[in-house]
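Undergrad:
2 protein chains.
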Amino acid sequence: MERDAVLASLLRRLDAVSKLDPADIAAIRALPIAVRHWEGGRAIVSDGERPSECCLIIEGFCIRSKTTEAGQRQILSIHIPGEIPDLQSLHLRRMDHDLVTLVPSTLGFISHASLRTLTHARPNVADALWRDTLIDAAIFREWIVNVGQRPAPARLVHIALELRTRLLSVRGGAELATFEFPLTQEQIGEALGITPVHANRIIRQLREDRIVDVSRGHVRVLDETRLAELAQFDDRYLHQDPVA
Amino acid sequence: MERDAVLASLLRRLDAVSKLDPADIAAIRALPIAVRHWEGGRAIVSDGERPSECCLIIEGFCIRSKTTEAGQRQILSIHIPGEIPDLQSLHLRRMDHDLVTLVPSTLGFISHASLRTLTHARPNVADALWRDTLIDAAIFREWIVNVGQRPAPARLVHIALELRTRLLSVRGGAELATFEFPLTQEQIGEALGITPVHANRIIRQLREDRIVDVSRGHVRVLDETRLAELAQFDDRYLHQDPVA
DNA sequence: ACCGGTTCCAAACAAAGGTTAAGGATGGCG
DNA sequence: CGCCATCCTTAACCTTTGTTTGGAACCGGT
């Protein structure tokens with residue numbers, strides 16, 4: 177996906193509620209963006225740093241994660257093209273977590289200075305970006321529920337269905353029976369708050385039960401009905417529909 | 177605590193970074209606020225609703241929570257006077273969780289309309305409020321780590337220490353050896369992602385070990401050193417210090 | 001084709017936490 | 001004063017998840 181397509185998917189999301197006018201859209205399109213390529217598994221910004229720019233994902237996948245003193249890592253979110261996973265750094269000087277690529281990725285960097293100028297000049301754009309960070313927070317809330325309340329198999333399929341929904345809203349198109357999910361079993365464990373061994377157990381189980389097949393960086397849905405039943409996934413928290 | 181003191185603590189937090197000027201502060205003080213009293217254990221806004229105002233806590237305690245289809249409740253955050261726990265509703269039309277009082281509380285309601293007028297007229301204020309919602313999100317991130325990675329006793333003391341830190345930053349004053357923590361053991365379980373029985377087990381254990389005493393709606397610290405060791409609490413994620 | 005490093009798979013055992021059930025303390029209220 | 005409701009407390013037993021460990025499959029680089 178190249179720059180224009182990504183900007184389009186970003187704009188589609190931002191436009192959702194605040195009704196950007198043509199001048200707002202033009203101003204966003206005019207933002208200076210420095211495109212850089214990144215290897216997989218490499219930090220974009222790390223806990224403790226004070227970045228001076230935000231990162232738009234043009235191509236690839238990223239995660240945000242925190243590491244405890246004891247050395248355990250918790251994955252907080254998974255990010256796809258069209259998203260700006262560290263937009264919060266615009267107002268929170270110091271990073272409180274890491275932002276890391278999962279796979280080789282193309283990133284677009286936008287300076288805080290230019291974003292601040294834009295948001296101060298155009299309250300509509302400020303609202304739209306603000307709203308985007310609020311959806312981010314809504315996803316964190318659901319992630320807390322996931323890790324706190326659901327048994328491990330439900331946790332996994334819930335995350336998978338969330339990612340599928342978000343991929344669909346960017347790429348468009350019909351239901352995806354197969355989609356990218358580029359996490360190793362160890363990373364799946366870190367996302368779900370379980371050990372890699374247990375992650376393997378439940379993946380194996382879900383495969384044996386012919387519900388989903390999670391392997392080689394992909395998810396393949398085998399039984400949509402039982403999957404929905406297990407995941408209890410309700411996409412309302414993604415706030416994709418502006419009127420809803 | 178009455179209205180002025182609460183506005184003061186709100187302003188202190190908002191002023192942290194964006195450096196509000198006197199006109200900004202006057203504009204915030206001029207916001208029309210409708211003060212109402214609320215019983216304990218009563219919803220202020222519920223999942224699915226479309227509120228038209230935000231709620232400033234003047235006196236009391238509130239929680240935010242989500243309930244799964246299976247009927248399990250997860251507490252997402254605990255809120256204290258000076259905070260606006262549903263500020264996100266300004267840009268996210270529909271609630272994706274509940275906001276509930278824990279104890280009898282005094283609340284100040286501010287209409288979305290007046291907030292929107294304010295933020296559009298004064299970018300500094302918009303930035304300050306935006307930043308406040310970003311700190312909210314940072315707390316969610318740490319909550320994910322808490323529920324996902326820490327064993328139950330560490331989860332409890334981590335939440336307690338977070339609340340103490342936030343109470344201190346509002347009320348001011350020296351280290352608190354005892355502070356309010358108005359959750360029942362069932363609610364503690366809902367916050368930590370464990371059953372009330374297990375909550376009781378770990379509370380008893382922490383008491384026997386002379387680390388903390390959690391009872392009758394209060395936390396009493398018995399051994400500050402071992403508490404810190406157990407909680408691994410690092411307040412950086414609260415972003416209280418603007419320069420840090 | 002081989003090698004070293006990941007990643008995945010798997011089994012046996014241990015520990016944390018869930019379930020069920022029931023008695024006891026506490027506190028508001030008639 | 002006694003009643004009821006809520007909360008706390010505890011125990012016995014069961015399930016899920018963690019731990020440790022080892023081997024198999026896969027993959028990029030030489």
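Protein chains in written order, with our numbering: chain A, 177 to 420; chain B, 177 to 420.
For every residue, glycine included, the Cβ atom is placed at its ideal position computed from N, Cα and C.
#1: Between A:D303 and chain B, is the shortest Cβ-Cβ distance under 8 angstroms, so that the two count as touching?
#2: Given 8 angstroms as the limit, is there contact between the stretch 179-191 of chain A and the stretch 301-311 of chain A, that is, 3 or more CB pairs closer than that?
#3: Quick one: what does DSSP say A:A219 is sitting in, helix, strand or coil?
#4: Can you have a look at B:S391 and say buried or exposed, based on whether 16 or more other CB atoms are within 10 angstroms of its CB?
#5: For a contact meaning CB atoms closer than 8 angstroms, what does B:D272 contact in chain A?
#6: What does B:K195 touch in chain A if you count any residue whose Cβ is under 9 angstroms from its own?
#7: Inspect the CB distances between the stretch 204-220 of chain B and the stretch 272-286 of chain B and report whether three or more fall short of 8 angstroms.
#8: Give me the residue from B:I256, B:Q361, B:I320 and B:L332 with the minimum Cα distance to A:S241.
#9: I need the boundaries of the beta strand (DSSP E) containing B:S281, first residue and last residue.
#10: Less than 7 angstroms separating the Cβ of A:E229 from some heavy atom of the ligand GDP?
#11: Please report the distance separating the alpha-carbon of A:S287 from that of B:F316.
#12: Does the distance from the CB of B:H334 to the CB of B:A404 come in under 8 angstroms?
#13: Say whether the stretch 244-256 of chain A touches the stretch 289-300 of chain A, bearing in mind that this needs 3 or more beta-carbon pairs closer than 8 angstroms, one atom from each stretch.
#14: Would A:V301 pass as a contact of A:A203 if the rule is Cβ separation under 8 angstroms?
#15: Can you look up A:F430 in the DSSP assignment and give me helix, strand or coil?
#16: Taking B:H374 as part of the alpha helix (DSSP H), name the residues at either end of that continuous run.
#17: Indicate whether B:Q361 and B:I379 have their beta-carbon atoms separated by less than 8 angstroms.
#18: Using 8 angstroms as the threshold, is the C-beta distance between A:L186 and A:C238 below it?
#19: So what does A:S391 bridge to, in DSSP terms?
#20: A:S345 by DSSP, collapsed to three states: which one?
#21: Report the option in B:T295, B:R402, B:A353 and B:Q248 whose CA atom is closest to the CA atom of B:F339.
#22: What span of residues does the alpha helix (DSSP H) with A:Q363 cover, start to end?
#23: Would you kindly report the start and end of the unbroken beta strand (DSSP E) that includes B:T354?
#24: List, in order along the chain, the chain B residues whose C-beta lies closer than 7 angstroms to that of A:G324?
#25: Please determine, among B:A330, B:T295 and B:Q248, the residue with the shortest C-alpha to C-alpha distance to B:L263.
#26: Cβ atoms of B:G247 and B:S281: under 8 angstroms apart, would you say?
#27: DSSP three-state label for A:D180, please.
#28: With burial defined as no fewer than 16 other Cβ atoms inside 10 Å of the residue's Cβ, what is the status of A:A313: buried or exposed?
#29: Bridge partners for A:I233 per DSSP, in chain order?
#30: When Cβ atoms are compared, which residues of the stretch 226-245 of chain A fall closer than 7 angstroms to chain B?
#31: Distance check for A:L382 and A:L398, CA to CA, integer angstroms please.
#32: Considering only their Cβ atoms, is the gap separating A:A328 from A:L266 smaller than 8 angstroms?
#33: Would B:H415 be called buried (16 or more neighbouring beta carbons within 10 Å of its own) or exposed?
#34: List the DSSP bridge partners of A:R189.
#35: Cutting at 7 angstroms between CB atoms, please list the residues of its own chain near A:P358, excluding the five before and the five after it.
TA: On the basis of the data shown:
#1: As a first step, residue 303 of chain A must be located in the first sequence, where it is residue number 127. Among the residues facing chain B, A:D303 is included, as its CB has a counterpart in that chain under 8 angstroms away.
#2: Touching, per the Cβ criterion.
#3: Taking the first residue of the first sequence as position 1, residue 219 of chain A is located at position 43. Note: A:A219 maps to strand in three-state DSSP.
#4: Along the second sequence, read from residue 1 onward, the residue named residue 391 of chain B stands at position 215. Burial call: exposed.
#5: Within the second sequence, numbered from 1, the residue matching residue 272 of chain B stands at position 96. At a C-beta separation below 8 angstroms, B:D272 has these neighbours in chain A: A314, R317, E318, R412, Y413 and H415.
#6: Locating residue 195 of chain B in the second sequence gives position 19, counting from the first residue. Going along chain A, no residue has its Cβ under 9 angstroms from B:K195, so there is no contact; the nearest lies around 13 angstroms.
#7: Using a C-beta cut-off of 8 angstroms, the stretch 204-220 of chain B makes contact with the stretch 272-286 of chain B, since at least three inter-stretch Cβ pairs fall below that distance.
#8: Stepping through the first sequence from its first residue, residue 241 of chain A is reached at position 65. When each option's Cα is compared against that of A:S241, the closest is B:I320.
#9: Within the second sequence, numbered from 1, the residue matching residue 281 of chain B stands at position 105. From DSSP, the beta strand (DSSP E) with B:S281 extends over S281 to S287.
#10: As presented, the structure is devoid of all ligands, the ligand GDP included, so that no description of it is given.
#11: On the first sequence, position 111 is the one that residue 287 of chain A refers to. On the second sequence, position 140 is the one that residue 316 of chain B refers to. Computed Cα separation, rounded: 26 angstroms.
#12: In the second sequence, the residue the question calls residue 334 of chain B occupies position 158. In the second sequence, the residue the question calls residue 404 of chain B occupies position 228. At the C-beta level, B:H334 and B:A404 stay beyond 8 angstroms of one another.
#13: When C-beta atoms of the stretch 244-256 of chain A are compared with those of the stretch 289-300 of chain A, fewer than three pairs fall below 8 angstroms, so the two segments do not count as touching.
#14: Locating residue 301 of chain A in the first sequence gives position 125, where the first residue counts as 1. Locating residue 203 of chain A in the first sequence gives position 27, where the first residue counts as 1. Cβ atoms of A:V301 and A:A203: closer than 8 angstroms.
#15: Chain A is shown from 177 up to 420; residue 430 of chain A falls before or after that span and cannot be answered.
#16: Translated into positions along the second sequence, residue 374 of chain B becomes position 198. Taken as a continuous stretch (DSSP letters only), the alpha helix (DSSP H) holding B:H374 covers P372 to E384.
#17: Within the second sequence, the letter at position 185 stands for residue 361 of chain B. Within the second sequence, the letter at position 203 stands for residue 379 of chain B. With contacts defined as CB atoms closer than 8 angstroms, B:Q361 and B:I379 qualify as a contacting pair.
#18: Looking up residue 186 of chain A in the first sequence gives position 10. Looking up residue 238 of chain A in the first sequence gives position 62. Against a cut-off of 8 angstroms, the Cβ pair of A:C238 and A:L186 comes out as no contact.
#19: Numbered from its first residue, the first sequence carries residue 391 of chain A at position 215. Partner(s): A:H394.
#20: In the first sequence, counting from the first residue as 1, residue 345 of chain A sits at position 169. Helix.
#21: Sequence index remark: in the second sequence, residue 339 of chain B carries index 163 (1-based). Contrary to the premise, residue 339 of chain B reads as Leu rather than Phe in this sequence. Closest by alpha carbon: B:A353.
#22: Locating residue 363 of chain A in the first sequence gives position 187, counting from the first residue. Where A:Q363 is concerned, the enclosing alpha helix (DSSP H) stretches over Q361 to L368.
#23: One-based indexing of the second sequence puts residue 354 of chain B at position 178. B:T354 -> beta strand (DSSP E) spans T354 to E356.
#24: Locating residue 324 of chain A in the first sequence gives position 148, where the first residue counts as 1. Those are Q250, V323 and G369, listed as they occur along chain B.
#25: As a first step, residue 263 of chain B is located in the second sequence; it is residue number 87 there, counting from the start. For B:L263, the closest C-alpha among the options B:A330, B:T295 and B:Q248 is that of B:T295.
#26: Indexing the second sequence from 1 puts residue 281 of chain B at position 105. Indexing the second sequence from 1 puts residue 247 of chain B at position 71. Contact flag unset, no.
#27: As a first step, residue 180 of chain A must be located in the first sequence, where it is residue number 4. Looking at A:D180 - three-state DSSP - the assignment turns out to be helix.
#28: Here residue 313 of chain A corresponds to residue number 137 of the first sequence, with the count starting at 1. Buried: at least 16 other Cβ atoms inside 10 Å.
#29: Within the first sequence, the letter at position 57 stands for residue 233 of chain A. Answer by DSSP bridge pairing, in chain order: A:L283.
#30: Of all residues in the stretch 226-245 of chain A, K242, T244 and E245 have a Cβ within less than 7 angstroms of some Cβ in chain B.
#31: Residue 398 of chain A sits at position 222 when you count from the first residue of the first sequence. Residue 382 of chain A sits at position 206 when you count from the first residue of the first sequence. Counting only the Cα atoms, A:L382 lies some 10 angstroms from A:L398.
#32: Here residue 266 of chain A refers to the residue found at position 90 when the first sequence is read from its first residue. Here residue 328 of chain A refers to the residue found at position 152 when the first sequence is read from its first residue. Contact: no.
#33: Sequence index remark: in the second sequence, residue 415 of chain B carries index 239 (1-based). Classification for B:H415: buried.
#34: Locating residue 189 of chain A in the first sequence gives position 13, counting from the first residue. A:R189 is not bridged to any residue.
#35: Mapped onto the first sequence, residue 358 of chain A falls at position 182. Excluding residues within five positions, the ones whose Cβ falls inside 7 angstroms are F237, L278, V279 and G393.
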